[in-house]
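What follows is one structure encoded as structure tokens, with my remarks underneath.
Protein chains in written order, with my numbering: chain E, 1 to 424; chain C, 1 to 81.
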């Protein structure tokens with residue numbers, strides 16, 4: 001396709017109705033690799049695409065995205081589409097809130113419908129202790145100007161009647177911390193929307209181009225070695241999610257990251273049942289989060305599989321635990337069949353918070369360590385990382401994500417779990 | 001990879017075991033030992049514990065890209081049989 005990317009609008013839809021199939025063009029075009037760029041972004045996932053988009057839009061730089069496989073092949077298409085900003089620590093909740101505000105307007109900004117659905121996210125509480133924890137987190141959020149609502153059983157019954165909160169059960173639900181602006185975003189649309197908007201700004205997206213090495217000269221990176229040859233770059237950004245450990249190996253610097261699998265599964269579609277996103281930690285079986293997709297399937301996920309893996313094959317015992325917890329919470333879904341189950345590779349840092357910093361060289365940057373929370377931060381991550389790459393200074397809301405925090409003891413340990421990604 | 005073979009207990013389901021940390025350490029300082037990881041796509045040496053079984057500490061060699069378990073030994077013997 002040649003020429004400018006057509007703008008979507010109501011008028012364009014009417015025109016499309018009369019033009020028929022001829023109206024619909026590919027969302028983005030295949031580009032050829034140029035020998036030299038201002039910035040090379042490695043990885044065409046959510047964070048790589050958003051970073052490239054903001055580098056081109058906000059800073060006017062000439063950018064290429066190099067992708068080993070295909071646009072959106074990794075975690076941006078494998079997550080459970082949840083967006084929220086209900087974090088306890090200020091370094092986290094200001095950043096995640098920035099992301100949530102961007103989600104609210106992203107469809108307009110990209111001129112592409114990403115189907116943001118603020119259906120509410122409810123963290124369910126099973127005991128007075130849970131309620132105290134939830135009120136502490138909710139208060140921290142409200143002090144930062146983020147919406148949070150502590151619901152007791154009456155309010156929860158109105159918010160999520162499908163829970164049948166008053167039914168007799170072994171672990172009764174007593175309340176919830178609800179963020180109403182949280183919800184879901186169609187994840188494939190995010191990848192497509194950013195790819196379309198980035199290429200419209202002149203970003204080259206090169207698929208099936210594997211970065212194999214970093215070329216340096218006198219302590220400065222000069223470009224990357226790829227399967228399509230050398231590409232010169234003034235700056236290099238790695239946004240490679242589950243393969244960030246391999247980046248550490250490539251540049252000869254071990255990172256505070258382990259790669260773990262997180263799985264998700266979806267049932268056959270049914271009529272509308274679940275109106276929000278429900279997060280529930282079963283005392284015996286562990287965490288489950290449940291939502292209903294627009295297609296009607298019940299989407300479920302839980303905790304990490306528990307050990308480093310690149311297989312993208314979830315372990316049976318975790319799937320069983322997730323489903324057991326889900327059916328315990330919503331007995332109505334017990335007879336549904338699981339249609340699909342999948343897993344993604346997660347770059348788990350030692351404190352559960354991300355890394356956005358230069359690494360080893362002043363002109364090499366990491367946008368990594370998003371753990372299992374990467375999807376919801378994509379718009380904020382792209383904007384912040386682009387500022388860091390273009391100016392050398394991270395914006396205030398991303399200052400906490402320095403790589404050096406692990407050595408200086410300024411961990412952002414939201415979970416309070418210590419230096420292990422998977423200690424349960 | 002749905003089971004590990006414990007040197008004491010024989011083949012047991014994966015849920016009985018907890019993964020602890022990959023080996024070797026990235027360096028000698030406490031920071032390097034605790035926080036940094038040496039990553040490999042194809043060959044990973046790890047400490048596990050049969051925590052819901054005999055509680056033995058194990059040294060497990062795996063291929064994290066295929067899930068194949070290459071060797072399991074007692075950690076106490078420094079990885080020797």
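Glycine included, C-beta positions come from ideal geometry on N, C-alpha and C.
Within the same chain, show all residues whose beta-carbon is closer than 7 Å to that of residue i, passing over the 5 residues directly before and after it, in chain order.
{"i": "residue 92/E", "result": "353, 412 and 414"}
{"i": "residue 56/E", "result": "63, 198, 201, 202 and 203"}
{"i": "residue 181/E", "result": "100, 118 and 147"}
{"i": "residue 395/E", "result": "384 and 387"}
{"i": "residue 176/E", "result": "122, 123, 124, 125, 151 and 156"}
{"i": "residue 334/E", "result": "327"}
Pick helix, strand or coil for residue i, following the three-state DSSP scheme.
{"i": "residue 135/E", "result": "helix"}
{"i": "residue 71/C", "result": "strand"}
{"i": "residue 18/C", "result": "strand"}
{"i": "residue 81/C", "result": "In this prediction, residue 81/C has a pLDDT of 48, which is less than 50 and means its spatial position is unreliable; what the coordinates show is noted afterwards. Of the three classes helix, strand and coil, the one that applies to residue 81/C here is coil, per DSSP."}
{"i": "residue 162/E", "result": "helix"}
{"i": "residue 381/E", "result": "helix"}
{"i": "residue 12/C", "result": "strand"}
{"i": "residue 249/E", "result": "helix"}
{"i": "residue 41/E", "result": "strand"}
{"i": "residue 216/E", "result": "strand"}
{"i": "residue 226/E", "result": "strand"}
{"i": "residue 50/C", "result": "coil"}
{"i": "residue 303/E", "result": "coil"}
{"i": "residue 388/E", "result": "helix"}
{"i": "residue 368/E", "result": "strand"}
In its own chain, which residues sit with a C-beta less than 6 Å from the C-beta of residue i, not counting the 5 before and 5 after it?
{"i": "residue 31/C", "result": "none"}
{"i": "residue 279/E", "result": "123 and 289"}
{"i": "residue 258/E", "result": "308, 348 and 421"}
{"i": "residue 238/E", "result": "42, 247 and 366"}
{"i": "residue 65/E", "result": "41, 44, 48, 52 and 205"}
{"i": "residue 57/C", "result": "49 and 75"}
{"i": "residue 149/E", "result": "178"}
{"i": "residue 107/E", "result": "113 and 114"}
{"i": "residue 362/E", "result": "none"}
Beta-carbon separation of residue i and residue j under 9 Å?
{"i": "residue 227/E", "j": "residue 207/E", "result": "no"}
{"i": "residue 224/E", "j": "residue 213/E", "result": "yes"}
{"i": "residue 45/C", "j": "residue 11/C", "result": "no"}
{"i": "residue 64/C", "j": "residue 311/E", "result": "yes"}
{"i": "residue 192/E", "j": "residue 71/E", "result": "yes"}
{"i": "residue 383/E", "j": "residue 275/E", "result": "no"}
{"i": "residue 82/C", "j": "residue 60/C", "result": "Since the displayed chain C opens at 1 and closes at 81, residue 82/C lies outside it and no answer follows."}
{"i": "residue 109/E", "j": "residue 186/E", "result": "no"}
{"i": "residue 375/E", "j": "residue 111/E", "result": "no"}
{"i": "residue 8/C", "j": "residue 53/C", "result": "yes"}
{"i": "residue 37/C", "j": "residue 255/E", "result": "yes"}
{"i": "residue 402/E", "j": "residue 350/E", "result": "no"}
{"i": "residue 268/E", "j": "residue 329/E", "result": "no"}
{"i": "residue 39/E", "j": "residue 236/E", "result": "yes"}
{"i": "residue 1/C", "j": "residue 71/C", "result": "no"}
{"i": "residue 20/E", "j": "residue 378/E", "result": "no"}
Under 7 Å between beta-carbons, which chain C residues line up against residue i? List them in chain order, please.
{"i": "residue 310/E", "result": "41, 64 and 65"}
{"i": "residue 249/E", "result": "39"}
{"i": "residue 265/E", "result": "Here the premise fails: no neighbours, minimum Cβ distance about 17 Å."}
Determine the closest residue to residue i out of the options, with distance taken between C-alpha atoms.
{"i": "residue 260/E", "options": "297/E, 318/E, 329/E and 292/E", "result": "318/E"}
{"i": "residue 169/E", "options": "295/E, 15/E, 283/E and 304/E", "result": "283/E"}
{"i": "residue 430/E", "options": "153/E, 292/E and 195/E", "result": "The question about residue 430/E has no answer here: the residues shown for chain E are numbered 1 through 424."}
{"i": "residue 97/E", "options": "113/E, 141/E and 82/E", "result": "141/E"}
{"i": "residue 162/E", "options": "232/E, 273/E, 111/E and 233/E", "result": "273/E"}
{"i": "residue 27/C", "options": "328/E, 252/E and 304/E", "result": "252/E"}
{"i": "residue 218/E", "options": "369/E, 360/E, 164/E and 368/E", "result": "360/E"}
{"i": "residue 151/E", "options": "132/E, 145/E and 143/E", "result": "132/E"}
{"i": "residue 229/E", "options": "149/E, 32/E and 58/E", "result": "32/E"}
{"i": "residue 341/E", "options": "195/E, 351/E, 28/E and 323/E", "result": "323/E"}
{"i": "residue 66/C", "options": "29/C, 43/C, 38/C and 22/C", "result": "43/C"}
{"i": "residue 325/E", "options": "337/E, 86/E, 301/E and 336/E", "result": "301/E"}
{"i": "residue 263/E", "options": "231/E, 285/E and 303/E", "result": "303/E"}
{"i": "residue 21/C", "options": "314/E, 332/E and 306/E", "result": "306/E"}
Taking C-beta pairs closer than 8 Å, name the residues in chain C that residue i reaches, listed in chain order.
{"i": "residue 407/E", "result": "31 and 35"}
{"i": "residue 259/E", "result": "39 and 64"}
{"i": "residue 422/E", "result": "19"}
Mind pulling the chain E residues with CB within less than 7 Å of residue i?
{"i": "residue 4/C", "result": "Going along chain E, no residue has its Cβ under 7 Å from residue 4/C, so there is no contact; the nearest lies around 10 Å."}
{"i": "residue 8/C", "result": "None at all; the shortest Cβ gap to chain E is about 20 Å."}
{"i": "residue 14/C", "result": "315 and 317"}
{"i": "residue 26/C", "result": "254"}
Which residues in chain E have a C-beta closer than 9 Å to the C-beta of residue i? List them in chain order.
{"i": "residue 22/C", "result": "258 and 308"}
Going along chain C, which residues have a C-beta under 9 Å from residue i?
{"i": "residue 245/E", "result": "37, 38, 39, 40 and 41"}
{"i": "residue 283/E", "result": "What residue 283/E touches in chain C: nothing, since even the nearest Cβ is about 17 Å away."}
{"i": "residue 354/E", "result": "Ordered by position in chain C, no residue passes the 9 Å Cβ test against residue 354/E, which lies about 15 Å from the chain."}
CB of residue i to nearest heavy atom of the ligand NAP: below 8 Å?
{"i": "residue 125/E", "result": "As far as ligands go, the structure on display features none, and thus does not contain the ligand NAP."}
Once the 5 residues before and after residue i are set aside, which same chain residues still bring their CB inside 8 Å of it?
{"i": "residue 371/E", "result": "346, 347, 348, 349, 352, 353, 354 and 421"}
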